[in-house]
Each structure stands twice: as structure tokens, then as C-alpha cells.
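Residue numbers 6 to 168, in my numbering, belong to the letters of the sequence shown in order.
Structure, as C-alpha cells:
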Amino acid sequence: MDTTVINILCLILLFVGILGTFLPVLPGLLLSICGLLIYKFGTDADLPMIYIWAFGILTAASVILSYVIPARTNRKYGGTRWGSIGSVVGTIVGIFIPIPLGFLIGMFAGVFIGEMLHDSKDMNKALQSTKGALIGFIYGTGFSFVVGVAMFLVVFLNMFDII
């Protein structure tokens, strides 16, 4: 296959991966890491392996943090362990519900339901906890977005022998 076609495919994967960091219908950084790997091993690129390892670790961290950060910020905003567990369970259940933004709705519903199960009389606390989960989601998405943009830039700049 022609190197130019492979380079274009890699850039497309990296760009769509960036979009996927905030559009839940796309696998995000997984597409980006595929683009990076195809670029490294599908062309004669002299991209150092340290980039592959670093972005692999950052991608794995991002996947883990996308579940952990909302649960942690939930606690910071007054949520209990019930809300944190609800966040993780709701996210997983939401992935399998065939509605737009199912995982996100599931996460917020999980936090709210978890807090209401813990203390059904304090709706304000449940709402604050859900607010914390939203802020955590924004942090996690921001981290993934930055990693995706960094991957794109590394490949793009390496294509033109800038790095």
C-alpha cells in the first residue's frame, strides 16, 4: 500500500479519535492509538518507540480515569460511596441502552439513584453529587482530548520531519 494513503488513513483515524473523546458514539483514543500504531508500523516512520509506550499508557489511563474521575468528584461534592458506585454501574448500564448519550445519562442517573437510595430525604445532596459527577466527566473528557490532540500532533509533525 502506498505510504501516502497510509499517512492519510492515520491522520483520519487520529482526527476521528479526537472527535471521539467528546462524542460518545466513537471510541475516541482507541481510534487514535490505532492511527498511531498504523503510522509507526505501516510506514517507514522513524517515530521513536517512547511515543508508542507513552501514548499507550496515557490511553489506558484515560480509559480508567473516565470511570474513576466522575466517581471521585462525586465524593468531593458531598456524595457518598453509594453515589460513586452508582456512577460506575450507571455508566456501564448506560453503554448498553440504545439511546443517544446513554452512558452519560446512565452515569448521572446512577449517581442520583445511588444517593437517593442512601438518603431518600436529601434530594439536594443527590443533586450536588450529580453535579460533581458532571464536573468529573468534563475533567476526564478534557484529559482524553489533550492526549488525542498530542497524538495527532506527534504524527503530523513526524510526517514532515519536524520531530
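From the three backbone atoms N, C-alpha and C, an ideal C-beta is built for every residue, glycine too.
Residue i versus residue j - alpha carbon distance
| i | j | result |
| --- | --- | --- |
| S125 | G119 | 10 Å |
| R80 | L35 | 29 Å |
| W87 | L42 | 40 Å |
| V98 | F117 | 14 Å |
| L14 | H123 | 49 Å |
| Y82 | I140 | 10 Å |
| W58 | V68 | 15 Å |
| L109 | F60 | 25 Å |
Cutoff 7 Å; reference residue i; Cβ partners in own chain excluding five residues on either side
| i | result |
| --- | --- |
| I102 | G111 |
Contact check, residue i vs residue j, beta carbons under 8 Å
| i | j | result |
| --- | --- | --- |
| F150 | F20 | no |
| V154 | I23 | yes |
| S71 | G137 | no |
| V94 | G107 | no |
| F161 | L31 | no |
Same chain only: Cβ atoms within 6 Å of residue i, ignoring 5 sequence neighbours per side
| i | result |
| --- | --- |
| G142 | Just to set this straight, residue 142 is Phe in the shown sequence, not Gly. So the qualifying residues of the chain are P75. |
| I48 | As written in the sequence, residue 48 is Thr, which differs from the Ile given in the question. Within the same chain, T48 has close Cβ partners T8 and I11. |
Sequence-distant residues of its chain with Cβ nearer than 8 Å to residue i (five each side left out)
| i | result |
| --- | --- |
| C39 | L18 and G22 |
| M121 | M128 and A131 |
| T64 | L34, L35, S37, I38 and V152 |
- Message: Which runs of the alpha helix (DSSP H) at least 4 residues long sit entirely within the stretch 105 to 142? Give them in chain order.
- Response: 107 to 123
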